[in-house]
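Here the structure is laid out as structure tokens; the discussion comes afterwards.
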Amino acid sequence: MLRWDFGQQYPDGRAGCAEAVADCVVHRGQACEEAEAHRDRLLNKEADLLRERLTRRDPADHDRIARLKAHVFEGVAAVARTRAEWAREGQRLLDGD
């Protein structure tokens with residue numbers, strides 16, 4: 177959940193808003209990187225929970241299951257990437273570009 181803090185430094189709130197937008201860019205960028213790293217661990221079957229769960233599944237299904245779980249985290253990364261770009265556009269608007 178994103179929360180905007182418009183601050184009180186200036187009457188129009190630009191300073192607090194700029195900080196909130198910058199934080200959003202950073203946090204969404206980090207979320208994207210984390211989701212991509214987890215996606216890669218899933219694809220390589222290096223995620224501990226996936227490994228444990230695959231022990232109870234037919235080995236013929238392991239690759240398909242790993243790809244499907246990785247697909248979910250690719251979606252999480254895509255959302256984070258989109259939110260970061262949206263926040264960067266907000267930064268450009270705040271800067272008057």
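Residue 213 in my numbering sits at position 37 of the sequence shown; the count goes up by one each step and never skips.
Yeah, the Cβ is synthetic: ideal placement off N, Cα and C, and Gly gets one too.
Distance between residue j and residue i (C-alpha atoms, nearest Å)
i: aspartate 234; j: alanine 246; result: 18 Å
i: alanine 253; j: alanine 211; result: 5 Å
i: glycine 192; j: valine 201; result: 14 Å
i: arginine 215; j: cysteine 208; result: 10 Å
i: arginine 179; j: arginine 257; result: Low per-residue confidence applies at arginine 179: pLDDT is 48, beneath 50, and the placement is therefore not dependable enough to give any value.
i: tryptophan 262; j: aspartate 239; result: 34 Å
i: leucine 244; j: arginine 259; result: 23 Å
i: glycine 251; j: histidine 203; result: 17 Å
Range covered by the alpha helix (DSSP H) that runs through residue i
i: arginine 233; result: Unbroken run through arginine 233: none, as it is neither H nor E.
For residue i, the three-state DSSP class (helix, strand or coil)
i: aspartate 224; result: helix
i: glycine 192; result: helix
Candidates the options: closest to residue i by CA position
i: leucine 225; options: Asp237, Ala236 and Ala242; result: Ala242
i: alanine 213; options: Asp237, Glu195 and Phe249; result: Phe249
Three or more C-beta pairs closer than 8 Å, one from the segment 219-226 and one from the segment 258-271: is that the case here? Three or more beta-carbon pairs separated by less than 8 Å are not found between the segment 219-226 and the segment 258-271, which leaves the two stretches without contact.
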